[in-house]
Each structure stands twice: as structure tokens, then as C-alpha cells.
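Undergrad: So that we are looking at the same thing, I have put the structure below in C-alpha cells.
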Amino acid sequence: MLQQTQVKTVLPRYLAWFTQFPTISSLAAASVDEVLKAWEGLGYYRRARFIHQSARMIDSDYLGKFPHRFDDIMKLPGIGRSTAGAIASFCFGMQTAVLDGNVKRVLKRWHATAEASDKELWLLAEQAIAESGTPAIWNQAMMELGATVCSARSSDCASCPVNECCDCAFQVEATNAVRKSTAVLDLHWRVDLFICSQRGIWLTQRPDTGIWGGLWSPPITELTETPDKGPLHIHQLTHRRLHLYPQHLDSDPVGCGRWVSSIEGFALPTGILRLLEKVT
DNA sequence: CAAGCGTGGCG
DNA sequence: TCGCCAAGCTT
Numbered sequence: 003m004l005q006q007t008q009v010k011t012v013l014p015r016y017l018a019w020f021t022q023f024p025t026i027s028s029l030a031a032a033s034v035d036e037v038l039k040a041w042e043g044l045g046y047y048r049r050a051r052f053i054h055q056s057a058r059m060i061d062s063d064y065l066g067k068f069p070h071r072f073d074d075i076m077k078l079p080g081i082g083r084s085t086a087g088a089i090a091s092f093c094f095g096m097q098t099a100v101l102d103g104n105v106k107r108v109l110k111r112w113h114a115t116a117e118a119s120d121k122e123l124w125l126l127a128e129q130a131i132a133e134s135g136t137p138a139i140w141n142q143a144m145m146e147l148g149a150t151v152c153s154a155r156s157s158d159c160a161s162c163p164v165n166e167c168c169d170c171a172f173q174v175e176a177t178n179a180v181r182k183s184t185a186v187l188d189l190h191w192r193v194d195l196f197i198c199s200q201r202g203i204w205l206t207q208r209p210d211t212g213i214w215g216g217l218w219s220p221p222i223t224e225l226t227e228t229p230d231k232g233p234l235h236i237h238q239l240t241h242r243r244l245h246l247y248p249q250h251l252d253s254d255p256v257g258c259g260r261w262v263s264s265i266e267g268f269a270l271p272t273g274i275l276r277l278l279e280k281v282t
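For what it's worth, the working numbering labels the leading residue of the first sequence as 3, then goes sequentially.
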């Protein structure tokens, strides 16, 4: 849940999650739609399907017990080197490094290597963890440092507990790499609203790959030409600006999908929920 | 290695 | 208001 998502955002969802899925086997037994619904609004929905797959894999391949070997943890879908390193060090006391956004920034500033590649940063992280002697504490400390006094927007070198051994103390600004901003692409989507009092609203399930993968939505058609009139709702993603054009239709829907009397039990993307709030 | 993948918070 | 970024991973 915490991958690329702030603790503040995750916390309430995390608590609700463990009420609904208290054990690995309970998560494994749930349907994909139940899991996606529990994840609704968190974004990066592939993570929800990955954690579901992981639960099922643990159930079948590891007798329902979370694996303790680093290589086995890495095999779980959605768990990469950094997350595996966090789990292995925090849960099992292993000497494994974490390299999240915070740790990367702290390492770059500490060693004054703003242009360091991921490969080089992993090397630095592994070296430090080996010398620390206390992997779990070290990892937590690095992450915490990056989240507080050595944060991205504001660094407080004067109050940093380790400023005396930091190569770039008091000159953080100079070592911030200039990020090349990635282009935001405009997409124009027609959203077909089949709504009737008798049958409710027509929803289709989006393909697993791509934007809002696996979630439910009214049928969406990509437009090559942008309508010059009619209602429009804009939804911003990281690298995409979605222009959503709601289209009320009285005809019968074609293709795969289902009528639902209420969207309550279905996981819908936030952009679609906002659009529906606006037009209904 | 770079692109693709959501959403909310914050300066 | 707007752009950046957050407990990254997969392809």
C-alpha cells in the first residue's frame, strides 16, 4: 500500500484492510472484485491484484506461511527489491537494504552524488547496511531521516543529527538533481452513460493492463477528435490528463458488461466517481 | 533503462 | 493555482 503512496493517505485504508482481510488465507479466499473494492481510491490498482495473487501464492506454495527466504519474498508479485528488503530486515532481522525515495535522497545528499544511478545507490545502501550492524534500525532511520529533516522540499541540515558526517550538509540545494519533467499527455475519452430507473447503470470491467486496470466503469471510447461542445470533466493522472465527455444514451448497450442497480459494491476509479457525481 | 501506472497533500 | 512528489514495481 505504501508504494508511492503517502502514509497519511494509506493509514485509514490499512486499518480497514486488516479488519476485512485479517489473515493471508482470508485475502486469498476473497474475489478479485472484493479486493479491488477494498483498494478503491488508492490508485495504482495493479498493486491490489498483486497482493491478492501473493496471498494465493503463499497459500498454495508456502502452506499459508509468509516465506522467510529473501529470494522467495522477491518472487511474490508486486514485491521488488526494496520492499523485500524492508520485509526481510524488519520482520526477520536480515541484513537487507531498503532503497525507497527517501533513502535515495538521503544517500545522494550524504555522499554528495546527485547524479548517482540506481545501481550505485544500491551499492551504497548495501555497504551502509553491512557496516551498521543493525539492519532494521538502520533502514528505519534512513527512511525516517528522509521523511523528516532531510525531506525533498525542505531540508533542515542545522538540526540533522548526522550533519557532521554528511558530505553535503548545508548545501543541499546544490546537490538536488534537476529532474526533467515528464510530459503530460492529453487523452479524450467518451464515457457512455446507460442509466435507467429500472435496470440501473451499465458497467464494464476494464482490461487488466493500462489505466484503471481491472476496475469497473461505464464503457469508455477513446476519441480522436475532441468534441467542441457538451459537458466535460477533467481528471488528472501523473502523466495523463483525461478529458472525460459524458454521453447519456437511451439505446441498449452492446458488448460485455452488466446492469447494476447500485455502484456501491463495485470498484470504480476516482475520476469516474467524480464524473458521475457531477452528471447524476 | 525508461515508460506506465492513481491519487491526495503540500509548498 | 499548479507542479512536484510520496514506504516502487513491472515490462
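The C-beta atom is built at its ideal place from N, Cα and C for all residues, glycine as well.
In chain order, what are the residue ranges of uninterrupted alpha helix (DSSP H) at least 4 long that sit wholly in the stretch 21 to 85?
TA: Qualifying alpha helix (DSSP H) stretches, in chain order: 26 to 31, 34 to 41, 48 to 63 and 72 to 77.
Undergrad: What ranges does the alpha helix (DSSP H) occupy inside the stretch 75 to 144, keeping only unbroken runs of at least 4 residues that lie completely in it?
TA: Correct list: 83 to 94, 103 to 112 and 120 to 134.
Undergrad: Pull up the DSSP beta-bridge partners for R243, would you.
TA: DSSP output for R243 lists D188 and Q238 as bridge partner(s).
Undergrad: Secondary structure at W218, three-state DSSP: helix, strand or coil?
TA: Here W218 sits in strand by DSSP.
Undergrad: Strictly by DSSP, which residues pair up with S157?
TA: For S157, which the question treats as bridged, DSSP gives the partners C152.
Undergrad: May I have the straight-line CA-CA distance separating K106 from L123, to the nearest angstrom?
TA: Whole-angstrom Cα-Cα distance: 7 Å.
Undergrad: What number of angstroms, rounded off, separates the C-alpha of I203 from the C-alpha of L4?
TA: If you take the alpha carbons of I203 and L4, they lie about 33 Å apart.
Undergrad: Along the chain, where does the beta strand (DSSP E) that runs through R260 open and close?
TA: Per DSSP, R260 belongs to the beta strand (DSSP E) from R260 to V262.
Undergrad: Given a threshold of 16 other Cβ atoms within 10 Å of its Cβ, counted over all protein chains shown, does L17 qualify as buried or as exposed?
TA: Counting Cβ neighbours within 10 Å, L17 comes out exposed, since fewer than 16 surround it.
Undergrad: On the DSSP letters alone, give me the boundaries of the alpha helix (DSSP H) that T272 sits inside.
TA: Segment T272 to V281, the alpha helix (DSSP H) holding T272.
Undergrad: Let me make sure I understand the geometry here. Which of V256, R192, L205 and H241 has the alpha-carbon closest to that of I222?
TA: When only C-alpha atoms are compared, the closest one is R192.
Undergrad: Spell out a yes or no on whether the stretch 267 to 276 and the stretch 40 to 57 are touching, meaning 3 or more CB-CB pairs, one atom from each, closer than 8 Å.
TA: Contact holds: three or more Cβ-Cβ distances are below 8 Å.
Undergrad: Take V151 as the anchor and find which of P163, Q142, D61 and M59 has the nearest alpha-carbon.
TA: If we check each option's Cα against that of V151, P163 comes out closest.
Undergrad: Please report the residue range of the beta strand (DSSP E) in which Q2 lies.
TA: Outside the displayed range of the chain (3 to 282) lies residue 2, so it cannot be described from this structure.
Undergrad: For I197, which three-state DSSP category applies?
TA: It is a strand residue.
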